[in-house]
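The structure appears right after this line, and notes come after that.
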Amino acid sequence: MSAQSLTLPRWMDLVLLPLWNLAVALGVAALVVLAIHQSPAQTFSVLVEGALGSGRGLGYTLYYTTTFIFTGLAVAVAFHGGLFNIGGEGQATFGGLGVALLALWLSPKLPAAVMLPLLVLGAALFGAAWAAVPAYLQAWRGSHIVITTIMFNFLAASLNVYLLVNWLRPAGSMSPESLEFADSARMPTLHALAEKLGLEWPSSPLNLSLALALLACVFVWWFLWKSRAGYRLRAVGSAPEAAHYAGIRPRLQVLVAMGVSGALAGLVAINEISGVQGKLTLDFVAGAGFTGIAVSLMGRNHPVGIVMASLLFGVLYQGGVEVSFEVPGFSREMVVTVQGLIVLFAGAMAMVSAPMFAKLYAAFKRQESRHG
Numbered sequence: 019m020s021a022q023s024l025t026l027p028r029w030m031d032l033v034l035l036p037l038w039n040l041a042v043a044l045g046v047a048a049l050v051v052l053a054i055h056q057s058p059a060q061t062f063s064v065l066v067e068g069a070l071g072s073g074r075g076l077g078y079t080l081y082y083t084t085t086f087i088f089t090g091l092a093v094a095v096a097f098h099g100g101l102f103n104i105g106g107e108g109q110a111t112f113g114g115l116g117v118a119l120l121a122l123w124l125s126p127k128l129p130a131a132v133m134l135p136l137l138v139l140g141a142a143l144f145g146a147a148w149a150a151v152p153a154y155l156q157a158w159r160g161s162h163i164v165i166t167t168i169m170f171n172f173l174a175a176s177l178n179v180y181l182l183v184n185w186l187r188p189a190g191s192m193s194p195e196s197l198e199f200a201d202s203a204r205m206p207t208l209h210a211l212a213e214k215l216g217l218e219w220p221s222s223p224l225n226l227s228l229a230l231a232l233l234a235c236v237f238v239w240w241f242l243w244k245s246r247a248g249y250r251l252r253a254v255g256s257a258p259e260a261a262h263y264a265g266i267r268p269r270l271q272v273l274v275a276m277g278v279s280g281a282l283a284g285l286v287a288i289n290e291i292s293g294v295q296g297k298l299t300l301d302f303v304a305g306a307g308f309t310g311i312a313v314s315l316m317g318r319n320h321p322v323g324i325v326m327a328s329l330l331f332g333v334l335y336q337g338g339v340e341v342s343f344e345v346p347g348f349s350r351e352m353v354v355t356v357q358g359l360i361v362l363f364a365g366a367m368a369m370v371s372a373p374m375f376a377k378l379y380a381a382f383k384r385q386e387s388r389h390g
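Heads up: the sequence shown at position 356 corresponds to 374 in this note's numbering, and the numbers run straight through without jumps.
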């Protein structure tokens with residue numbers, strides 16, 4: 019039994035391998051910290067304390083986590099359909115446009131109980147619509163999904179700039195941003211909810227979008243592994259020709275995969291636009307679409323793994339801010355370097371260690387068979 023032909027046990031692939039890659043990433047990051055004559059133990063202690071050591075820090079960490087859950091799920095759904103969706107940035111931006119148009123048009127007239135579900139629906143539909151165009155171009159015109167989704171990121175950003183500067187910006191304002199939304203279009207923050215219940219929670223951007231993100235995880239799990247539509251999508255993703263002979267239409271599944279993926283990416287706007295900004299702004303996505311690729315890879319394209327990977331990246335983002343303030347000589351650029359190393363080893367190079375573990379597991383199985 020060769021290491022090449024051996025399939026790793028599920029627990030090894032889903033748990034041990036990601037933990038090993040994370041440990042290697044942290045080890046290399048520690049060497050970078052030592053290179054600038056700082057203590058790795060102190061630096062990582064400040065990072066964890068800044069991200070999890072206070073209610074305010076935890077709030078910011080979970081706020082970042084929420085956005086990464088949406089973008090990670092978006093990448094995962096497309097991946098299970100055999101597609102690599104790099105257009106999360108554009109789909110989230112277009113979802114923000116949907117949220118803004120609905121909020122500016124309807125929020126003065128409707129209560130929050132009606133308005134917020136409409137905003138969720140609008141964000142999902144606008145994100146899905148923006149993803150459907152590259153899906154159509156691949157399925158019926160042969161365009162490559164990676165190229166078209168990258169192009170559509172720039173198109174969405176340019177369209178957002180044009181609409182903000184020429185149509186949505188208030189008269190006399192120099193800032194490229196829309197009018198403030200009415201209160202009924204604002205997703206309640208945890209701080210505000212705690213106040214209403216007579217409880218104390220430090221002010222932070224954390225809002226009810228976190229609950230929406232967790233519901234999205236449940237939906238994705240059910241859709242991919244419990245529904246017929248998800249089975250068809252995964253069948254096309256793993257063996258498109260076999261799925262075609264089984265009567266499944268691959269072109270339709272491309273549209274389904276990208277539609278669901280775009281809808282999930284569009285929900286980023288609920289957290290960022292409705293939950294925090296309260297208005298449409300430029301570049302509110304801020305790279306979260308690309309971070310979602312690393313989150314999905316590290317989480318093995320499974321909702322549970324994506325939640326854990328999103329939390330890790332939330333800790334890195336929030337803790338990194340504290341490190342740049344608290345550790346002398348540790349600039350924001352160094353924080354980004356450490357984050358990049360973790361993305362490299364835990365995400366992009368996730369399978370580099372797999373052959374080593376396969377050989378070790380094969381040796382263990384041979385030893386076990388001799389003594390068995």
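Glycine included, every Cβ here is placed at the ideal spot set by N, Cα and C.
Item, Value
"Taking only runs that begin and end inside the stretch 66-111, name each unbroken alpha helix (DSSP H) of 4 or more residues, in chain order.", "73-98"
"By Cβ distance below 8 Å, which residues in the same chain neighbour serine 20 in space, the five residues on each side in sequence not counted?", "Annotation note: pLDDT 44 at serine 20 (below 50); position unreliable, coordinate value reported separately. Cβ neighbours of serine 20 beyond the five flanking positions: Ala380."
"Output needed for glutamate 386: all residues of its chain with C-beta closer than 7 Å, excluding positions within five of it in sequence on either side, in chain order.", "none"
"So for threonine 299, helix, strand or coil by DSSP?", "coil"
"Could you please give the first and the last residue of the uninterrupted alpha helix (DSSP H) stretch that includes phenylalanine 199?", "Where phenylalanine 199 is concerned, there is no enclosing alpha helix (DSSP H), given that its DSSP letter is neither H nor E."
"Please say whether glycine 108 and tryptophan 148 have beta carbons closer to each other than 8 Å?", "yes"
"Using DSSP with H/G/I as helix, E/B as strand and the rest coil, what is threonine 355?", "helix"
"Could you compute how far the alpha carbon of leucine 49 sits from the alpha carbon of serine 57?", "10 Å"
"Take threonine 299 and list the residues in its own chain whose beta-carbon comes closer than 7 Å to its own, dropping the five residues that flank it on each side.", "Glu195"
"Buried or exposed: which applies to lysine 383, given that a residue is buried once 16 or more other Cβ atoms fall within 10 Å of its Cβ?", "exposed"
"Taking the alpha carbon of alanine 69 as the reference point, which residue from Leu378, Val353, Leu128, Gly338 has its own alpha carbon closest?", "Gly338"
"To the nearest angstrom, how far is the alpha carbon of serine 23 from that of serine 221?", "Interpretation of serine 23 is limited by its pLDDT of 46, a score under 50 that renders its predicted location unreliable; the figure taken from the coordinates is listed afterwards. Serine 23 and serine 221: Cα-Cα distance of roughly 53 Å."
"If you run the structure through DSSP and keep just helix, strand and coil, what is asparagine 225?", "strand"
"Reducing DSSP to helix, strand and coil, say where serine 20 ends up.", "Only weak support is given to the placement of serine 20: the predicted model assigns it a pLDDT of 44, under 50, and the question is left unresolved by the model."
"Decide if the stretch 83-95 is in contact with the stretch 302-321; the criterion is three or more beta carbon pairs, one per stretch, under 8 Å apart.", "yes"
"My output table needs one value for threonine 167: the three-state DSSP class, helix, strand or coil.", "helix"
"Could you pull the start and end residues of the alpha helix (DSSP H) that arginine 384 belongs to?", "372-389"
"Taking 7 Å as the cut-off, is the beta-carbon of alanine 275 closer than that to any non-hydrogen atom of the ligand MG?", "By its list of ligands, the structure shown contains no ligand whatsoever, and the ligand MG lies outside what it can speak to."
"In whole angstroms, what is the alpha-carbon distance linking phenylalanine 112 and asparagine 171?", "9 Å"
"Could you work out which residue in Val294, Gly332, Met276 is closest to threonine 207 when comparing CA atoms only?", "Val294"
"Just to confirm my understanding: we take leucine 224, look at its own chain, exclude 5 residues before and 5 after, and list those with CB closer than 7 Å. What are they?", "Gly77, Leu80, Tyr81, Thr207, Leu208"
"Below 8 Å on the Cβ atoms is my contact criterion, and I expect valine 164 with phenylalanine 241 to pass it. Report the Cβ-Cβ distance as a whole number of Å.", "With 8 Å as the limit, valine 164 and phenylalanine 241 do not qualify as a contact, their Cβ atoms being about 23 Å apart."
"Could you have a look at threonine 309 and say whether DSSP puts it in helix, strand or coil?", "helix"
"Name the residue from Leu211, Phe88, Ser342, Leu215 whose alpha carbon lies nearest to the alpha carbon of alanine 142.", "Phe88"
"Taking three-plus beta-carbon pairs below 8 Å as touching, is the stretch 307-316 in contact with the stretch 120-135?", "no"
"For threonine 207, does the three-state DSSP call read helix, strand or coil?", "strand"
"Quick one: grab the DSSP three-state call for lysine 127.", "coil"
"When burial is assigned at 16 or more other CB atoms within 10 Å of the CB, is lysine 297 buried or exposed?", "buried"
"Give every residue of the same chain whose Cβ lies closer than 7 Å to the Cβ of leucine 226, excluding the five residues on either side of it in the sequence, and list them in chain order.", "Met205, Pro206"
"What are the boundary residues of the alpha helix (DSSP H) that leucine 251 is part of?", "246-256"
"Kindly indicate which residue of Gly277, Met374, Gly358, His389 has the alpha-carbon position closest to the one of alanine 43.", "Gly358"
"Could you name the residues of the same chain whose beta carbon sits closer than 8 Å to that of arginine 269, not counting the 5 residues immediately before and after it, in chain order?", "Ala157, Trp158"
"State yes or no: is the C-beta of alanine 372 within less than 8 Å of the C-beta of glycine 277?", "no"
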